[in-house]
Structure formats: structure tokens, C-alpha cells
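Engineer:
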DNA sequence: CCCAGGTATTGCATCGTTGCAAAAGGCGAC
DNA sequence: GTCGCCTTTTGCAACGATGCAATACCTGGG
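This is the structure:
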């Protein structure tokens, strides 16, 4: 059961431990004869290097941690997939954890008893943690932030231009002839600012189009879940003058809203057009299919992992915001004559 | 940058390394005076234990690996969430990897150069790997299988009763008055047998209801994705005598099929009723909402992690199949007058 | 036949921590 | 005053691997 060590193999092959190590790592030339003998012994004992020991010696683990609020949120699942793939390309594996949007959990990650020493770098999609906290706590592990911005200049950060993306989504609705466009997902009280940036973009688009900004059309939601999208939509439908379009700050909100509309017998997009953000696969198959701002998740993952690896290797430039590309994908939920 | 070690703290507090270790681990009583001094030093140097070293010494890493085919498949994402939660309850963290259903990738996991020595146990949702391979390769790491069965008696295994579940789903359609019930998702050629078991249950239900089994109504799909569900549905619609219901082997297939039906102007459930398997959140908000067989994912995760932990600790009973509970959740996609 | 120079092989120390068992210290009992 | 016991503290070795530098070996040239 207990695995064979270099020593066991060395004894069996009648060579030194060091020689076995040399064969295993192929770093130093080894004579044909010994190599054969050692390889036979390796085979017979089914040797596997103990990576914990190797990591201790080398001072690196080859593991990255990816921390997201909720893994069952499709955006994060799809992003995680890309991150794992990107990490593999760099020779890293990924430890995955979720915080449930709990600030306590995020702090744990960086605190005293954490497993932070077990991975070489951290990809964090923060929700509740603040800039100061992160700065004072994350002095050990290289960090790259995903999505939420938190604070200027202190950390590497990868995300789309939220203002521009939101503006573009709203402009699209304007171009489709919508005049009373609601927004679902603002978070004026939150520590994170992604939602607030999207509100800025939404307002910009309305103003540029010469449309009035009606605050009763902006519905806040504490999280970005389907249920909350449905709930928000219900409120909008109850207004004396309901909207003719909704820009949702993510696809789950949009899908929840669409469900509510369908249930209420409101036609999408004829009566109310819907746009989301995230470009999750679910939106390709919903009824109707969902128009969305789709960030290039593979790009985000590659950039974030690449940056993190260069931070680990000490070859990274100073922290900077990286703007990831996105596309407006127009589908049925907003396609009007 | 480089973290302080026990030695640094010891030097600073003027005590032995061992005493610092005792304070940190609180395992052995330490006098009030020294404890205070050591704790001050720990604080000043912001000491964090090097977990790699600790793991080497203790021979355990506190990490479990969860390997699934695809993380962006909602079922696996939702399951992963539960697994991470269950693992945390046992003091473990989770390394997550995906195989893309690639047998090669699965083999790598267990092979020579793998990171298998970095985690204490493996939760594997296999797709392509065979029983023999697993048996000869997984002699090192404790393994618990999720979903796919692979082989009797060699490995701990957690899954629902696929025959019964499929039978129940089909019976439900029969009870709703459907008489020409199709099945999407058979995999007669696959190494895995989940799909085949579901086909068995489907046939049993039809036979018990006295309905003919029409092989042209059983559509195979190599994977369980939305696109393939849509494709399969297209084929069924093209039949001279299309079905009046479809049992899909998972929710993604069902959602793909429903999309195709909506596009074709076929009403669900009036013209064709649809049932899926997996109980993913997406089905609660699709239009129409999706009837599904919902395995208790939290139960699966808890059982699997609990079993794995007991295998690791050497207190596990011999390998056995564990049947996880599931529920038939009836929603609009199959609700007929 | 010996030596230089290169290659192949090895021993030792080390990564940071913990298990074990011995040493040191304190205190009451005889 | 001394012994023995209990508590606190410590030193040493070990987990399994690799970096470094020294040794052993080998070949060809003088």
C-alpha cells in the first residue's frame, strides 16, 4: 500500500538514491546500463514520486487556487472550466473553492490557518471582501482578481469593461425600438462595484438616446440568481407603466425574468425585450433564446492564469487592469421587427 | 516575502522550535509565560505554517480530488458544489479536474506522472475508463466512484438506482396518457452503463404498461448535451409517426429537445411531453419548466465524501454500492390534463 | 604509464514540520 | 535534605525529495 520511495528503488537497483532521482528527472545523463537497471526497478516497485516531498524541496506546489462565490452559477462553472484548461497548459492544477458570497469565508482564505501555503497563486472572484482587507492579508500569495475590481493599482485584475458593455446592451435595446427600458441587478450598497458600473453604462445609453432615466425602473437585487430575476420582474410588471425592455445584469436574472414574463403571458420580445450578461450556454437553448453580452471566458481565463503564472515566476509587470473582450450576441429575446 | 518558519519564531521568542510547534498546534500544554511570548512572536512575524512541510511529515494532505467529465455541465457543477461543501465539513479541500470524457485524461490521473500523491483520496465520475484499468492503476489512492458503476464489488460507488429511476420517469409519462414514448440518450456502445440501465428501465415501464417497444423511438447520443438533445428530437419529429412523449436521459438533452420542439411549433406538453434526469436548477426556470428525476445531490456528495474519508482513515467497510435517493419532480413539461 | 579533462555517480545537507523520548525543572513527601 | 514523580521543555531524527559539490570512473594524449 505504502508507495515505494527513491530509497527502495535505489536499494533494489543497487545504486544510490541520487542516481534514481537522476533517472526519474532525466536532468543529468545516466549511463545506459544503470538507466536500464533503475528503470526496471522503478517498474517493478511501481514507483511514484511523492509530490509533497518534491514540492517541499522545490518550494512550489504546481497548484493554483480558484475561488468563486458559487460554483453552481453557470458563469462561474464555465469560467472554472476554462481556468482549469488554461492552468493545465502552464503545468498547474487547480484547487477550487467557493465562498457562497460570504465575506468570512473569503477572509478565511487569506487568514492564519488557511491553506494558502499549499498553492502558488490565487485567482479570486471577490464578492464581499474589501480592498484594505485584501491588501493587508494577501501579502503572501500572488493574487489575480477576476471580475470585481476592488481597488485601483494594487492587484492584477481581469474583467470586461462593464460600463461599455452595459451601455452597448442598452443601446441595442434602444435600437430595437424600446423606449422604456428597465434594469435589473443594481447593487448600490454592495462592496463590489461591477453592478454599479453596469448601472452607469445603462444610464449613459439612455441619456445618449435622449430617453428619461426613471429610477423606478432600476431594480436592485442582492445576488444574481434566477429567482431574484423573477421577483424583480414581478415588481416591474406591477408598475402602473411597465417597461418595454429589461436589461439584466446577468443571464440568470434574465432567465428568471423571462420565466416570469412567460408565466404572466407577456410575450418576449414583442411586449418586453430582454438582454442579459455572461453568455452562458443556457441562454442558447432557452425559450426564447437569450440575447446577451458574452465575455470571452477563455480569454479571461488565459489572461488571468498567464498573469498569475508570471507573478509567481516574478516576471510580471506591475499590476494593471486587463480589459477582456466581449461580444453582444443577439438572439430571439430582443429581436424585434 | 518568504514566510517566517518555526525556526524564525523560535529564535525571536527565545525558545525551541518544538515549543513553538506546541503552541501552534496546542497539542501539548505550554506554560502561560512562554505561550504569551511565543504568541507575540508569531504575531510579529505573521507566521503561517508551511502546509507542504506539515503534510510531508504527517503523510496526509487534507485534499481530495474530484474528477468530472465536464465542469460546465450543470449537473457536475451542482454536484461539485455539494462535494466541496461536504469535504469542508470533514476538514478537506477539493482539487477539481475535468477529463472532457477523454479516456486518456482519466488514465493520466492514475498514471506514473500524475499528481495522485498530492491528495488523500479521489472521487471519480468516470466516462471512458474501464474496470480493469481502474483496478490496476488505482491501487494507490482511495477511490469512490460517482455515477458510473464500472464494476461490481471492487470500488465504493454512489449513484441512484438508474433502472428504477428510468422506469419511474417513463411510468409517469404513461400515467399522463402518453402512448408513444421515445427515449433520448441511449449509449449501447459506451463503456459506461448508466445509459444502458436507463434504457432497461424505460423498456420495463413500457412492457409493464403493455405498450410496444419501438426501437426507432430510442435515439442514441454519444454525450448528454443540449445540442445533441435538439438533434435527436429533430430525428424523432421526422418520423412518419412521431412520439407523444420523450424521456431524456438527462436534463440537458431534455432542454435541447424542448428547444427544438418550440422552434418547430410543437407544444409541450400538449403535443409532446418531456421528462429529464438530474434535477438541475435550469429546469426550474425553463419554458416550460422541466419535469425531472432529481437525485439528491447533497446526499450523494455527503455519502461519497464520507465513504472516501473512512477509506482514507482505514475504517471503511468493504466496497459496496450505495443507492442515493431521488425524487420525480413533476413540472409543466409533462403535466397534461 | 601517468595525467588531464570530461562524464557518471555519489554523499551530504536541506526544505519546514512533527513524533518520540530524553532532559530539565518544580514540588511535595519521607 | 534527598528522592521520586509530574509537568514543561527540548534535541534528534525523520518524512521523501533535490541542489550542490565532491568523488569515482573513463578515455585519450603525452
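Residue numbers (the numbering used here), protein chains in the order written: chain S, 286 to 622; chain X, 286 to 622.
Heads up, the beta-carbon is just placed ideally off N, CA and C, and yes, glycines get one too.
Note that this is a predicted model, so its numbers are computed, not measured.
Any C-beta of chain S sitting closer than 8 Å to the C-beta of residue 336 of chain X?
Structural biologist: For residue 336 of chain X, the answer is yes, since a Cβ of chain S falls inside 8 Å of its Cβ.
Engineer: Report yes if the C-beta distance between residue 508 of chain S and residue 386 of chain S is below 8 Å; otherwise report no.
Structural biologist: Going by C-beta atoms, residue 508 of chain S is nearer than 8 Å to residue 386 of chain S.
Engineer: Only counting runs of 3 or more residues, tell me where the beta strand (DSSP E) segments fall wholly within the stretch 329-368 of chain X, in order along the chain.
Structural biologist: Runs of the beta strand (DSSP E) inside the stretch 329-368 of chain X: 348-353.
Engineer: Taking 8 Å as the threshold (beta carbon to beta carbon), is residue 570 of chain X in contact with chain S?
Structural biologist: Yes, its Cβ sits closer than 8 Å to a Cβ of chain S.
Engineer: If you follow the beta strand (DSSP E) that residue 426 of chain X is in, where does it begin and where does it stop?
Structural biologist: That residue, residue 426 of chain X, is in no beta strand (DSSP E); it is neither H nor E in DSSP.
Engineer: From this set, X/427, X/344, X/346 and X/410, which residue's C-alpha is nearest residue 602 of chain X's C-alpha?
Structural biologist: Residue 602 of chain X has its Cα closest to that of X/427, out of X/427, X/344, X/346 and X/410.
Engineer: Could you give the distance in angstroms between the alpha-carbon of residue 412 of chain X and the alpha-carbon of residue 539 of chain X?
Structural biologist: Computed Cα separation, rounded: 20 Å.
Engineer: Does residue 461 of chain X have its Cβ less than 8 Å from a Cβ in chain S?
Structural biologist: Not an interface residue.
Engineer: Tell me, please, which residues DSSP counts as bridged to residue 611 of chain S.
Structural biologist: In DSSP, residue 611 of chain S forms a bridge with S/580.
Engineer: What residues of chain S sit near residue 535 of chain X, judged by a beta carbon separation below 9 Å?
Structural biologist: Going along chain S, no residue has its Cβ under 9 Å from residue 535 of chain X, so there is no contact; the nearest lies around 13 Å.
Engineer: Looking at C-alpha atoms only, which residue of S/605, S/524, S/599 and S/609 is the closest neighbour of residue 587 of chain S?
Structural biologist: That would be S/609, whose Cα lies nearest to the Cα of residue 587 of chain S.
Engineer: Would you decide whether residue 605 of chain S is buried or exposed? Buried here means 16 or more other CB atoms lie within 10 Å of its CB.
Structural biologist: Under this definition residue 605 of chain S is an exposed residue.
Engineer: Excluding five sequence neighbours on each side, which residues of the same chain lie with their C-beta closer than 7 Å to the C-beta of residue 388 of chain S?
Structural biologist: Closer than 7 Å at the Cβ level, and outside the excluded window around residue 388 of chain S, lie 413 and 414.
Engineer: Can you find a heavy atom of the ligand FAD that lies under 7 Å from the Cβ of residue 460 of chain X?
Structural biologist: With respect to small molecules bound, the structure shown includes none, and the ligand FAD cannot be examined in it.
Engineer: Pull up the distance between the alpha-carbon of residue 300 of chain X and that of residue 382 of chain S, whole angstroms please.
Structural biologist: Their Cα atoms are separated by approximately 37 Å.
Engineer: Find the residues of chain X that neighbour residue 230 of chain S, judging by a C-beta separation of less than 8 Å, and give them in chain order.
Structural biologist: Look at the range of chain S in this structure, 286 to 622, and you will see that residue 230 of chain S is not part of it.
Engineer: Can you give me the C-alpha to C-alpha distance between residue 523 of chain S and residue 559 of chain X, rounded to a whole angstrom?
Structural biologist: Their Cα atoms are separated by approximately 32 Å.
Engineer: Under a CB-based cut-off of 8 Å, is residue 567 of chain S close to chain X?
Structural biologist: For residue 567 of chain S, the answer is yes, since a Cβ of chain X falls inside 8 Å of its Cβ.
Engineer: Determine the chain X residues that contact residue 576 of chain S at a beta-carbon separation under 9 Å, and present them in chain order.
Structural biologist: None at all; the shortest Cβ gap to chain X is about 16 Å.
Engineer: Let me check understanding here. Comparing Cα to Cα, which of X/501, X/518 and X/454 lies closest to residue 490 of chain X?
Structural biologist: Of X/501, X/518 and X/454, the residue nearest in Cα terms is X/454.
Engineer: How far does the alpha helix (DSSP H) with residue 537 of chain S in it extend, from its first residue to its last?
Structural biologist: Per DSSP, residue 537 of chain S belongs to the alpha helix (DSSP H) from 536-549.
Engineer: With a 10 Å radius around its C-beta and 16 neighbouring C-beta atoms as the bar for buried, classify residue 278 of chain X as buried or exposed.
Structural biologist: Since the first residue shown for chain X is 286 and the last is 622, residue 278 of chain X is missing from the structure and cannot be characterised.
Engineer: By DSSP, does residue 485 of chain S sit in helix, in strand, or in coil?
Structural biologist: In the structure shown, residue 485 of chain S sits in a helix (DSSP, three-state: H, G or I).
Engineer: Helix, strand or coil for residue 446 of chain X? Go by DSSP, reduced to three states.
Structural biologist: Residue 446 of chain X: coil per DSSP, three-state reduction.
Engineer: Closest to residue 344 of chain X by CA distance: which of S/331, S/390, S/350 and S/335 is it?
Structural biologist: Nearest of S/331, S/390, S/350 and S/335 to residue 344 of chain X, Cα basis: S/335.
Engineer: Cβ atoms of residue 506 of chain X and residue 513 of chain X: under 8 Å apart, would you say?
Structural biologist: Yes, Cβ-Cβ distance for residue 513 of chain X and residue 506 of chain X is below 8 Å.
Engineer: Count the other C-beta atoms from every protein chain shown that fall within 10 angstroms of the C-beta of residue 550 of chain S, then say buried if there are 16 or more, exposed otherwise.
Structural biologist: Exposed: under 16 other Cβ atoms inside 10 Å.
Engineer: Are the Cβ atoms of residue 543 of chain X and residue 618 of chain X separated by less than 8 Å?
Structural biologist: Yes, the pair counts as a contact, with Cβ atoms nearer than the cut-off.
Engineer: Would you mind reading off the limits of the beta strand (DSSP E) that contains residue 408 of chain S?
Structural biologist: 406-409 is the extent of the beta strand (DSSP E) around residue 408 of chain S.
Engineer: Among the candidates S/487, S/361 and S/451, whose CA atom is the shortest distance from the CA of residue 409 of chain S?
Structural biologist: Nearest of S/487, S/361 and S/451 to residue 409 of chain S, Cα basis: S/361.
Engineer: First and last residue of the beta strand (DSSP E) that includes residue 468 of chain X?
Structural biologist: Where residue 468 of chain X is concerned, the enclosing beta strand (DSSP E) stretches over 466-471.
Engineer: Measure the C-alpha to C-alpha separation of residue 598 of chain S and residue 553 of chain X and round it to an integer number of angstroms.
Structural biologist: If I take the Cα positions, the gap works out to 56 Å.
Engineer: Would you mind reading off the limits of the beta strand (DSSP E) that contains residue 530 of chain S?
Structural biologist: 530-533 is the span of the beta strand (DSSP E), which, as asked, contains residue 530 of chain S.
Engineer: Listing by chain order, which chain X residues have their CB less than 7 Å from the CB of residue 547 of chain S?
Structural biologist: Under the 7 Å cutoff, chain X gives 572.
Engineer: Given a cut-off of 8 Å on the beta-carbon distance, is the pair residue 444 of chain S and residue 458 of chain S in contact?
Structural biologist: Against a cut-off of 8 Å, the Cβ pair of residue 458 of chain S and residue 444 of chain S comes out as no contact.
Engineer: Here's the rule I'm using: 16 or more other beta-carbon atoms within 10 Å means buried, otherwise exposed. How should residue 321 of chain X be labelled?
Structural biologist: So residue 321 of chain X ends up on the exposed side.
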